[in-house]
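One structure is given below, encoded as structure tokens.
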Amino acid sequence: MKKLGILAGVAGLALTAVLAASSVGSADDSKLEQLKAQGFARVAIANEPPYTAVAADGKVSGAAPDVAREIFKRLGVGDIVASISEYGAMIPGLQAGRFDVVTAGLFMKPERCAAVAYSEPVLCDAEAMLVKKGNPKGFKSYEDVAKDATATIGAPGGGTEEKLALNAGVPRERVIVVPDGQSGVKMLQDGRIDAYSLPVLSINDLVKKAADPNLEVIAPVQGAPVYCDGAAFKKGDEAMRDAFDVELAKLKKSGEFAKIIEPYGFSAAAAMSTTRDKLCAAK
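For the sequence shown, our numbering begins at 135 and goes up steadily by one.
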């Protein structure tokens, strides 16, 4: 009898666990239905162009909200309503239920990944190289520059790009310190350097201003760090996050993703070069 009683107790606990899991799943699944019914999702943004922006008339734009708006529309949620928040207050606000999702250039870090349920990467800032049209030396990485005994690369003094080039084996005399972006473009145009390296957003901004069809951007630089955000959902809203990911993957595959973010200067290729799991595991 004692044994039967124990078995009955175990069975009861198992049933309780199943019911609890079912109720959590139901609550999870119902979140998206709630947003469909109310017709909008509440998003947290930082008003930091080009990631996020709020126009004078209150209209929310920027690369992150534009992606979120399109995906939620595809999920049956008509629009997004944004609240400007400081970065440090975004995750607490999400956890407290003041927002449904954070779409604000909140880069993935292990500690943040432990606190929220991130989507796959949306906006990334990676390293880029500016070269002559056609990439005559075939650069894809800093190691490629190192292997070419005649190649020189320009970079800001003391910056990440200078360190990455040196760490890849480019000799000190072939890493040319460049004082500013405009100087880097001019030195490349004049043939004084073979490549100029900065983050993707910075390089794209320089290219736009230079309006020189004889320049080409290589991004992301292979082997260099990639920093990405994702839409951040409250723990427990994984079903909604997963539905978001499905539509995000479709956007990326169709090319619509690139059409949304690249006018803001972001690289779709950078976002598609890595995953949430890799970024959340990064040291």
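Positions of the beta carbon are idealized from the N, C-alpha and C atoms, including for glycine.
All values reported here derive from a predicted model rather than from experimental measurement.
#1: What did DSSP end up calling M374 once you bin it into helix, strand or coil?
#2: Pick out whichever of L240, K266 and A248 has its Cα sitting closest to the Cα of A344.
#3: Between the Cα of S401 and those of I287, P354, F273 and A377, spot the shortest distance and give me the residue it belongs to.
#4: On the criterion of 16 or more Cβ atoms from any shown chain inside 10 Å, does D371 qualify as buried, or is it exposed?
#5: With a Cβ-Cβ cutoff of 7 Å, do A187 and G196 count as a contact?
#6: With a floor of 4 residues, list each alpha helix (DSSP H) that falls wholly inside the region 231 to 301, ordered by position along the chain.
#7: Would K412 be called buried (16 or more neighbouring beta carbons within 10 Å of its own) or exposed?
#8: Do S253 and R176 have their C-beta atoms closer together than 7 Å?
#9: Could you tell me the alpha carbon to alpha carbon distance between C414 and K393, rounded to whole angstroms?
#10: Roughly how many whole angstroms lie between the Cα atoms of M224 and V194?
#11: Could you pull out every residue in the same chain whose Cβ sits closer than 8 Å to the Cβ of Y221, ignoring the five residues on either side in sequence?
#12: Jot down the residue ranges of each uninterrupted beta strand (DSSP E) in the region 293 to 373, minimum 3 residues, whole runs only, in chain order.
#13: Is the region 315 to 329 touching the region 278 to 293, taking contact as three or more C-beta pairs under 8 Å?
#14: Can the beta-carbon of I205 be found less than 7 Å from the beta-carbon of F367?
#15: What whole-angstrom Cβ distance do P199 and C362 have, given they're in contact under 8 Å?
Reading off the structure:
#1: helix
#2: K266
#3: P354
#4: buried
#5: yes
#6: 244 to 249, 276 to 281 and 294 to 301
#7: exposed
#8: no
#9: 27 Å
#10: 17 Å
#11: A180, A238 and L240
#12: 309 to 311, 329 to 333, 349 to 352, 360 to 362 and 366 to 368
#13: yes
#14: no
#15: Rounded, the Cβ-Cβ distance is 16 Å, inconsistent with contact.
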